[in-house]
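**Student:** Once you know that position 204 of the sequence shown is 262 in my numbering, the rest is easy, because the numbers rise by one and skip nothing.
Virtual Cβ for every residue (Gly too), placed ideally from N, Cα, C.
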Amino acid sequence: MKTIYKFVLNKTEKVQESETIKNDKGEEIVQTKTVNKKVPKTYVFARPGRSRQDECELYRAQKESEFLRKNILSIGQVYKKNFDENSLLTKEQIEKYDKLKTKFVVLQSDYYKLIEKEESKRTDEEKTKVEEITAKMSDLVAEMQPFEDINSSFNNLYNNTAEILARNQATRYLALFCAYEDLGNNKYIPFFGEGTYEDKLKKYDEYEEGEDKFIYSLIIRFMFIANFYYMNKAEKQEDYDLLIRLQEMNGIIPKVDELDIKEKEPTK
Numbered sequence: 059m060k061t062i063y064k065f066v067l068n069k070t071e072k073v074q075e076s077e078t079i080k081n082d083k084g085e086e087i088v089q090t091k092t093v094n095k096k097v098p099k100t101y102v103f104a105r106p107g108r109s110r111q112d113e114c115e116l117y118r119a120q121k122e123s124e125f126l127r128k129n130i131l132s133i134g135q136v137y138k139k140n141f142d143e144n145s146l147l148t149k150e151q152i153e154k155y156d157k158l159k160t161k162f163v164v165l166q167s168d169y170y171k172l173i174e175k176e177e178s179k180r181t182d183e184e185k186t187k188v189e190e191i192t193a194k195m196s197d198l199v200a201e202m203q204p205f206e207d208i209n210s211s212f213n214n215l216y217n218n219t220a221e222i223l224a225r226n227q228a229t230r231y232l233a234l235f236c237a238y239e240d241l242g243n244n245k246y247i248p249f250f251g252e253g254t255y256e257d258k259l260k261k262y263d264e265y266e267e268g269e270d271k272f273i274y275s276l277i278i279r280f281m282f283i284a285n286f287y288y289m290n291k292a293e294k295q296e297d298y299d300l301l302i303r304l305q306e307m308n309g310i311i312p313k314v315d316e317l318d319i320k321e322k323e324p325t326k
């Protein structure tokens, strides 16, 4: 299986551990106890093949037509109905926003140069630099947020157009088919189960209705990854590492270690 992104999360589970001890009579006995333990889980996002991408685009087109038949407005109709200009920002605000975005791109370039070297081979100075740049990028994202909020009413209207709703459906389609748990030795389990899209959608709904915050965190990650791939066709591990890291730093994606994770009972 060709993958475009791989990540590891530690899941807290209740597991049984055994140890040999001596009792009061000096006899060796096996004592078993249940303990909370962080178990590393590996997940991957598979690279969709040409046929899968074609199916995804066909699905998007079908959903867009369906939404239009239901009288959901297109982007063009929303634009004509509500706005004369494609922004709610003033000229000065746009200039400042552009400067912030330029700074972000420069920092992003520096970040990529630093992480070309494997983490284990980086000097302490380089590791510190990576952390500093990441923090600066996070600060810039926060500084740009007010400008994005100004445009939010405009964007919210567009988010409910036929094209955007269909794109979101296509993104989910990709996630349902491309998300896997990696068991090692080239063995993978579909995160959303086997079967057709409808089968996987049922599994998705089960996850959404459940209370497992670890699963919830995974779903958010897979959806961000799918959307990033759909929009940019990015295939570098570091692109997704940066995406996820920034979303975590800004509280959009929850950090697993900070979750009150629902523990899984060990299988007997």
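Whole angstroms are fine: how far does the CA of Glu-296 sit from the CA of Gly-251?
**Tutor:** Near 27 Å, if we compare the C-alpha coordinates of Glu-296 and Gly-251.
**Student:** Per DSSP, Val-97 is paired with what?
**Tutor:** In DSSP, Val-97 forms a bridge with Lys-69.
**Student:** Can you check the segment 232 to 263 for any beta strand (DSSP E) of at least 3 residues that lies completely inside it and give the ranges in chain order?
**Tutor:** Complete beta strand (DSSP E) runs here, min 3: 237 to 242, 245 to 248.
**Student:** Would you kindly check if the distance between the Cβ of Thr-92 and the Cβ of Lys-72 is under 7 Å?
**Tutor:** The answer is yes: Cβ separation under 7 Å.
**Student:** What three-state label does DSSP hand Pro-86 in the structure shown?
**Tutor:** Note that residue 86 is Glu in the sequence shown, not Pro. Strand at Glu-86.
**Student:** Quick one: what does DSSP say Thr-78 is sitting in, helix, strand or coil?
**Tutor:** Strand at Thr-78.
**Student:** Touching or not, the segment 188 to 206 and the segment 161 to 169, by the rule of three or more beta carbon pairs under 8 Å?
**Tutor:** Segments in contact, yes.
**Student:** In whole angstroms, what is the alpha-carbon distance linking Glu-177 and Tyr-101?
**Tutor:** Distance between the alpha carbons of Glu-177 and Tyr-101: 20 Å.
**Student:** For Ile-310, which three-state DSSP category applies?
**Tutor:** Note: Ile-310 maps to coil in three-state DSSP.
**Student:** Thinking C-beta only, is Val-66 closer than 7 Å to Pro-98?
**Tutor:** Closer than 7 Å, so yes.
**Student:** Closer than 7 Å by C-beta to Arg-118: which residues in its own chain qualify, once you throw out the five before and the five after it? Chain order, please.
**Tutor:** Same-chain partners within the cutoff: Ala-224, Arg-225, Gln-227, Ala-228.
**Student:** From the DSSP output, read off the bridge partner residues of Tyr-63.
**Tutor:** Bridge partners of Tyr-63: Phe-103.
**Student:** For Tyr-63, collect the residues of the same chain with a Cβ closer than 7 Å to its Cβ; drop the 5 residues on either side in sequence, then sort them by chain order.
**Tutor:** Answer for Tyr-63: Val-102, Phe-103, Ile-283, Gln-295, Tyr-298, listed in chain order.
**Student:** Just the C-alpha distance for Met-307 and Asn-81, rounded to the nearest angstrom, thanks.
**Tutor:** The straight-line gap from Cα to Cα measures roughly 50 Å.
**Student:** For the alpha helix (DSSP H) that contains Glu-122, what are its first and last residues?
**Tutor:** Where Glu-122 is concerned, the enclosing alpha helix (DSSP H) stretches over 108 to 127.
**Student:** Thinking C-beta only, is Pro-248 closer than 7 Å to Tyr-255?
**Tutor:** No, the Cβ-Cβ distance between Tyr-255 and Pro-248 is not below 7 Å.
**Student:** Is Lys-161 helix, strand or coil by DSSP?
**Tutor:** DSSP places Lys-161 in helix when its eight states are reduced to three.
**Student:** Do Ala-220 and Leu-116 have their CB atoms nearer than 7 Å?
**Tutor:** No, the pair does not count as a contact, with Cβ atoms beyond the cut-off.
**Student:** Kindly indicate which three-state DSSP category Glu-323 falls into: helix, strand or coil?
**Tutor:** Confidence at Glu-323 is low in this model, with a pLDDT of 40, below 50, so its placement is unreliable and the value that follows should be read with caution. Of the three classes helix, strand and coil, the one that applies to Glu-323 here is coil, per DSSP.
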